[in-house]
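Read in our numbering, the sequence shown has 954 at position 415, and its numbers run on one by one without any break.
See below for the structure under consideration.
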Amino acid sequence: MYPSLQQNLKVSQQLRMTPQLQQAVKLLQYNRAELSEFISKELEENPTLERDEDRPEEVSLDEANYEGALQEKSPISETSKERSEATENQPEIDWNRVDLNDRVLRPAAPKGQDDLPGYDQTLTREETLSEHLVWQLRMQPLDPSAFALGVEIIGNLDERGYFAEGYEGWASFVATEGIDENQAEIVRQGIMLMDPIGAGARDLQECLLLQLKLSSQEDSLAWRLVTNHLADLGSLDLRKLARSARVTVEELEEAKQAISMLEPCPGRPFTTSETERNPFITPDVCILKQGGEWVVQLNEDGMPRLRVSQYYQRAYRSGGLVGDEKSYVIERLRRAEWVTKSILQRQQTIRKVVSSLLRFQRDFFERGPAHLKPLVLKDVAEDIGMHESTVSRVTSNKYAETPQGLYELKYFFSARIQSLGGREDVSAEAVRQRIGSIVTGEDCTKPFSDSDLVRLLRAEGIDIARRTVAKYREQLRIPAAGKRRVRR
């Protein structure tokens, strides 16, 4: 029998995370202050991007971006050959397929507007990695034992975001809870897929491989290098490493560039020092009622309006540019067009997410926190046709000014508390608010115990355990009944 030769043609589409695409993801995550800083830097470094000083004040940032980037046709779009070269490396941003762990957690700086919220509304603190992960964990459909295991794992991540599997008490915790090691691994893998991607990884290699996998690079040279040559990637002898990996030096440098775009320490954005923190918050978006209708307005006060320079467009069209000068102008014009289009997409995405939150939580905006409904990331993601990770990034580190006060967008997500007798389920935040209301109206000589609160809540159709009531009471900073009692 003779061996047969076969050829198989496989056609597949993969998203390559170019530097521009990674920057687009960062733009989506930026809060208002960070976006302003980014725009200022681009204006300083790119002469073909300029402020549109003549544009009327009532024109919004996203409208200005659209007109600057698309209505004023870029000269790059007028030559088919150069246009094709320009767009090869500029894919349309599909947020549903982008899943990176980039985060920027610097708080906004005060801008001095007259309509800033009061001082007592602007005090805040940085969210820790543990708080950020536990918040996401609460949104998952986990049984109590799996949730407890997840909290235990999250609580033992080091400052890099890695899981120190050998810490004292881990084995005894698993044994005490009666948890199978396979189940523990499933929970850890789930945590690794949360934001930031890779938190909970055992080591650097696992962290990097996960990021490569999520960006469809399992067949890439970068994957091979991380798998087989991670310890050698810092070597200055690229030729030796290239021979070992059986690739050219050029291919090796390209793969190393791709690896350098990954985040080796998922916990790093959460370890900013106290001196870098600012307790003042400027809202990124305003949710208000106008003419009887609820509207979403992005906070664009003080934001420069942008356009692609007509001077440089004319200079390019004239044909007088040659050599390096021509290449430089083309590259800068491409960058200016990308910046304006990317900012427009960012604004549109944020508006879609916040508009969805408004639809789900209309009762909150009308009547207050006691009427916050159960809501998870998946609900909003399905409503607007985007990935949950995109919704998570949009709602992290951004704030909304509402008639009820200043709130982080993540506040509008709340776990579900089951109700009795076929009644509509309520949110955890609504239950917290109800506990606060009950305690406020109690007889101070006979304050309600946690068991009393459970009984009262169940009478209202809310199925809740005593330990949950105690936790919510502590979160509200309400002392135990014995400490609330007033003797007459």
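Yeah, the Cβ is synthetic: ideal placement off N, Cα and C, and Gly gets one too.
Treat the numbers as computed from the prediction; the structure is a model and nothing was measured.
With H, G and I counted as helix, E and B as strand and the rest as coil, what does DSSP make of S931? DSSP, read as helix, strand or coil, puts S931 in helix.
In chain order, which continuous runs of the alpha helix (DSSP H) of length 4 or greater are located wholly inside the stretch 882-946? As far as the stretch 882-946 is concerned, its whole alpha helix (DSSP H) runs of at least 4 residues are 901-906, 916-923, 927-934.
If you compare alpha carbons, which of S895, E757, L911, S759 is closest to V930? Nearest of S895, E757, L911, S759 to V930, Cα basis: S895.
For L681, three-class secondary structure by DSSP: Reduced to three states, the DSSP call for L681 is coil.
Environment of K985 [buried if 16+ CB atoms lie within 10 Å]: Exposed: under 16 other Cβ atoms inside 10 Å.
Figure out for me which residue from R853, G862, V970, Y867 has the closest Cα to the Cα of P908. Distance from the Cα of P908 is smallest, within the candidate group R853, G862, V970, Y867, for V970.
Using the C-alpha atoms, what's the distance from T587 back to V878? V878 and T587: Cα-Cα distance of roughly 11 Å.
Applying the criterion that 16 or more other CB atoms from any shown protein chain within 10 Å of the CB defines a buried residue, is P646 buried or exposed? Since pLDDT at P646 reaches only 33, below the 50 mark, its modelled position is unreliable, and no value is offered.
According to DSSP, simplified to helix, strand and coil, what is L959? Correct three-state label for L959: coil.
Out of S755, T787, S754, L791, which one is the CA nearest neighbour of L769? Of the candidates S755, T787, S754, L791, the one whose C-alpha sits nearest the C-alpha of L769 is L791.
Using DSSP with H/G/I as helix, E/B as strand and the rest coil, what is K985? Of the three classes helix, strand and coil, the one that applies to K985 here is coil, per DSSP.
Leaving out the 5 sequence neighbours to the left and right, which residues in its chain are closer than 6 Å to A954 when beta-carbon positions are compared? Excluding residues within five positions, the ones whose Cβ falls inside 6 Å are R677, A967.
Among residues of its own chain, excluding the 5 on either side of A781, which ones have a beta-carbon nearer than 8 Å to its beta-carbon? Once the five neighbours on either side are set aside, the close Cβ partners of A781 are T787, V788, E790, L791.
Determine which residues share a DSSP beta bridge with K828 and list them. DSSP lists W833 as partners of K828.
Whose C-alpha, out of Q852, M731, L827, is nearest the C-alpha of Q836? Taking only the C-alpha atoms, the option nearest Q836 is L827.
Using CA atoms only, rank isn't needed, just tell me which of F952, R962, D823, T766 is closest to R898. Check the Cα spacing between R898 and each of F952, R962, D823, T766: the tightest is with F952.
Assuming contact is defined by CB atoms lying nearer than 8 Å, are A714 and G806 in contact in what I supplied? No; because the gap between Cβ atoms is not below 8 Å, this pair is not in contact.
Which residues does DSSP list as the beta-bridge partners of R590? According to DSSP, R590 shares a beta bridge with L845.
Please classify T766: is it buried, with 16 or more other beta-carbons within 10 angstroms of its beta-carbon, or exposed? Around the beta carbon of T766, fewer than 16 other beta carbons lie within 10 angstroms, which makes this residue exposed.
As a quick exercise: from E666, T979, T934, E581, pick the residue whose alpha carbon is nearest that of D823. Minimum Cα distance to D823 is reached at T934.
Within the same chain, show all residues whose beta-carbon is closer than 7 Å to that of K917, passing over the 5 residues directly before and after it, in chain order. So the qualifying residues of the chain are E927.
Comparing alpha-carbon positions, which option in P683, F686, L672, E691 lies nearest M731? Of P683, F686, L672, E691, the residue nearest in Cα terms is L672.
Which listed residue (I882, T941, L845) has its alpha carbon closest to that of L567: Closest option to L567, judged by alpha-carbon separation, among I882, T941, L845: I882.
Can you grab the Cα-Cα spacing for the pair P680 / E757, in whole Å? Spanning the alpha carbons of P680 and E757 requires a straight line of approximately 29 Å.
In or out: V861 buried (at least 16 other Cβ within 10 Å) or exposed? By the 10 Å Cβ count, V861 comes out exposed.
Does DSSP classify I977 as helix, strand or coil? Three-state DSSP puts I977 in a helix.
Can you list, in chain order, the residues of its chain with a C-beta nearer than 8 Å to that of A740? Leave out the 5 residues immediately preceding and following it. Only G700, Y701, F702, M731, C746, L749, P805 meet the Cβ criterion.
DSSP beta-bridge partners for S953? S953 pairs with L914.
Which class does L732 belong to by DSSP, given the choice of helix, strand or coil? DSSP places L732 in coil when its eight states are reduced to three.
Looking at L777: is its Cβ nearer than 8 Å to the Cβ of A761? With respect to the 8 Å criterion, L777 and A761 are not classified as neighbours on the basis of their beta carbons.
Three-pair Cβ contact test at 8 Å for the stretch 862-874 versus the stretch 940-952: Inter-segment contact for the stretch 862-874 and the stretch 940-952 is absent: fewer than three beta-carbon pairs are separated by less than 8 Å.
Using the beta-carbon count (16 or more within 10 Å), is K937 buried or exposed? Under this definition K937 is a buried residue.
Name the residue from L948, F809, V993 whose alpha carbon lies nearest to the alpha carbon of R890. Minimum Cα distance to R890 is reached at L948.
Which of the three DSSP states is assigned to L696 in this structure? Note: L696 maps to strand in three-state DSSP.
Backbone CA spacing between D771 and R763 [nearest angstrom]: Here the C-alpha atom of D771 lies approximately 12 Å from the C-alpha atom of R763.
Between Q1040 and R901, what straight-line distance do the alpha-carbon atoms span, to the nearest angstrom? Look at the range of the chain in this structure, 540 to 1027, and you will see that residue 1040 is not part of it.
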